[in-house]
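K.L.:
One structure is given below, represented as structure tokens, and several questions about it will come after.
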Amino acid sequence: MGDRRTDPTSAMCRALVDGADPASFAGGVFDVRAVVAGIRSGARHGMLLDAVPWGNFPHGDDAREAVHLLRTDEDPARTPTDVLWGLCANDSRAAAALAVPFLIPIAADAHHPHRAAALAVLSGPARARHHGVASRDELLLHRNDPRRHAPDDYDGYGVEVTGYPAGWSVAAARAAITAGTPVLLPLLDDADPSIRRDAAYALATAADPDHTVRTALAIRFATEHDAMVRAALLLAAAETSRAHVQPPAVSWFRERWQDRTEAPEARLAAAIGWLCLTDEPSPEDLHRTIDTFATDERAHAMDALPWMYAAAGTGEPGLLRCVRRMLHPEESEPCDDPWASSP
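Going from the sequence shown to our numbering is simple: count from 1 and add 980.
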């Protein structure tokens, strides 16, 4: 990847570090939210990559090249989505957010060879600081939730490793996904279970004031037969519900993990969702449900769910990490240091 110190936005990042007001840069050429809005309002079909100021943002040229390879399939031996994954993993999301409006039509194209990879990565920049997060207070929580954080996106998320406002990148990616919701919703009915699963993961980051996404997730859940997809739909519904929790939603999740006819993976996902949506003490039957079904084997299998994969850490599968952090917060973190002394 290129040297981030040479991109024009670095000057803005240095100014922010020195105490400049982020609002003085809002809406300008270095505000990824404004740039993504311009992409969305411009020629949505076949928009030229060169019309986007990729070079203004850290690692922008790398993101542009990745999108170019995905769109043209010029070099199928390479894995361009790895570049975008790397940007998100390295906490440098601004350029990856620019790619989201281009990734959505690729994901929606049933004949595109890279649709699955594009769908899997497109919501990466829409989530920040969620890797390793497994506590009841934080899992499935959008960091700039106005109930818990300052309303300003910048203050809610802090800065990326490059110094760029992390909240701006997240907001830009979520806005693009929200605008692409009509295109992404049909993927919940795709013939491929992995597409349905990853579509739920992406849609969970969309703004949903009219409950369009939550309704679509519930409708699909009513007819879904794949246990892992059912679990994904439940986790997505919990994530979309978390900002504005309503009592009926809490009751619905309770019914799901209490349902003895439901698949174990879905009952576990519903239990996790319920724990995130309420501050109520966890009842004994929830403990029994988790103790019965949260085996090592099933926990490793459920790492196929993006939420659980992100929650994993120190060799601990995401499901078991969630169970430990949510039900047994007093327990210490597992140690993966082979030189550590045994207790």
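Glycine included, each C-beta is placed from N, C-alpha and C at the ideal position. None of these values were measured; they are calculated from a predicted model.
Out of curiosity, what's the CA-to-CA distance linking L1102 and L1213?
P.N.:
C-alpha separation (whole angstroms): 18 Å.
K.L.:
Which residues mark the beginning and the end of the alpha helix (DSSP H) in which P1162 is found?
P.N.:
Per DSSP, P1162 belongs to the alpha helix (DSSP H) from 1161-1164.
K.L.:
Between S1115 and V1303, what straight-line distance do the alpha-carbon atoms span, to the nearest angstrom?
P.N.:
Whole-angstrom Cα-Cα distance: 9 Å.
K.L.:
Based on Cα-Cα distance, which residue from A1043, A1179, A1108 lies nearest to R1095?
P.N.:
Comparing Cα-Cα distances from R1095 to each of A1043, A1179, A1108, the minimum goes to A1179.
K.L.:
Hey, how far is the Cα of A1152 from the Cα of A1090?
P.N.:
A1152 and A1090: Cα-Cα distance of roughly 25 Å.
K.L.:
Spatial neighbours of V1141 within its chain, please: CB distance less than 7 Å, with the 5 preceding and 5 following residues excluded, ordered by chain position.
P.N.:
Cβ within range, chain order: N1070, D1071, S1072.
K.L.:
Once you ignore the five residues that flank E1311 on each side, which residues in its own chain have a CB closer than 7 Å to its CB?
P.N.:
So the list reads R1304, once near-sequence residues are dropped.
K.L.:
What residues in its chain sit with their C-beta under 7 Å from that of L1257, if we drop five residues either side in the sequence?
P.N.:
If we look at L1257 and ignore the five residues flanking it on each side, its Cβ neighbours are A1218, S1221, R1222, V1225, A1229, V1230, F1233.
K.L.:
Using three-state DSSP, classify P1145 as helix, strand or coil.
P.N.:
Looking at P1145 - three-state DSSP - the assignment turns out to be strand.
K.L.:
Are the Cβ atoms of L1064 and A1079 separated by less than 7 Å?
P.N.:
A contact, by the Cβ cut-off of 7 Å.
K.L.:
From this set, L1168, D1062, F1037, D1190, which residue's C-alpha is nearest A1146's C-alpha?
P.N.:
That would be F1037, whose Cα lies nearest to the Cα of A1146.
K.L.:
Look at P1105 and A1077 and say whether their C-beta atoms are less than 7 Å apart.
P.N.:
Contact: yes.
K.L.:
Is the shortest distance between the beta-carbon of V1230 and the beta-carbons of chain B less than 7 Å?
P.N.:
Chain labels in this structure do not include chain B; a single protein chain is all it has.
K.L.:
M1306: buried (16+ other C-beta within 10 angstroms of its C-beta) or exposed?
P.N.:
Result: buried.
K.L.:
Per DSSP, V1139 forms a beta bridge with which residues?
P.N.:
Paired residue(s): P1145.
K.L.:
Would you mind sorting H1039 into buried or exposed? The rule is 16 or more other CB atoms within 10 Å of its CB.
P.N.:
So H1039 counts as buried.
K.L.:
Is A1290 near R1301, with beta carbons less than 7 Å apart?
P.N.:
Not in contact: A1290 and R1301 (Cβ atoms no closer than 7 Å).
K.L.:
DSSP state of E1045, grouped into three classes?
P.N.:
Note: E1045 maps to helix in three-state DSSP.
K.L.:
Give the DSSP-derived three-state secondary structure of E1311 in the structure shown.
P.N.:
The answer is coil: DSSP assigns E1311 none of H, G, I, E or B.
K.L.:
Would A1246 and R1210 be called neighbours here (beta carbons separated by less than 7 Å)?
P.N.:
Yes; because the gap between Cβ atoms is below 7 Å, this pair is in contact.
K.L.:
On the CB-based measure, 16 or more other CB atoms within 10 Å of its CB, does G1253 come out buried or exposed?
P.N.:
G1253 comes out buried.
K.L.:
Opposite E1296 in the DSSP bridges: which residues?
P.N.:
Answer is G1293.
K.L.:
Using a 10 Å radius around the Cβ and a threshold of 16 neighbouring Cβ atoms, would you call A1184 buried or exposed?
P.N.:
A1184 comes out buried.
K.L.:
Helix, strand or coil, according to DSSP, for R1176 in the structure here?
P.N.:
Helix.
K.L.:
Does at least one heavy atom of the ligand HEM sit under 6 Å from the Cβ of V1032?
P.N.:
For the ligand HEM, the structure offers nothing, since it holds no ligand at all.
K.L.:
Distance, Cα to Cα, H1308 vs P1286?
P.N.:
C-alpha separation (whole angstroms): 23 Å.
K.L.:
Classify R1116 as helix, strand or coil using the three-state DSSP reduction.
P.N.:
Coil, per DSSP.
K.L.:
Which full runs of the alpha helix (DSSP H) of 4+ residues lie inside the region 1231-1272, going along the chain?
P.N.:
Whole alpha helix (DSSP H) segments, 4+ residues: 1244-1257.
K.L.:
If we count the other Cβ atoms within 10 Å of its Cβ and call it buried at 16 or more, is D998 buried or exposed?
P.N.:
Under this definition D998 is an exposed residue.
K.L.:
Which same chain residues, not among the five before or five after E1204, have their C-beta less than 7 Å away from its C-beta?
P.N.:
Counting only Cβ-Cβ distances below 7 Å, and skipping sequence neighbours, we find R1210, L1213.
K.L.:
DSSP on A1284, reduced to helix/strand/coil?
P.N.:
Helix at A1284.
K.L.:
Short of 8 Å in beta carbon distance, which residues of its chain neighbour R1278, apart from the five on each side in sequence? Order them along the chain.
P.N.:
Correct list, in chain order: P1244, E1245, L1248, L1299.
K.L.:
Between which two residues does the alpha helix (DSSP H) containing D1062 stretch?
P.N.:
That run of the alpha helix (DSSP H) goes 1061-1069.
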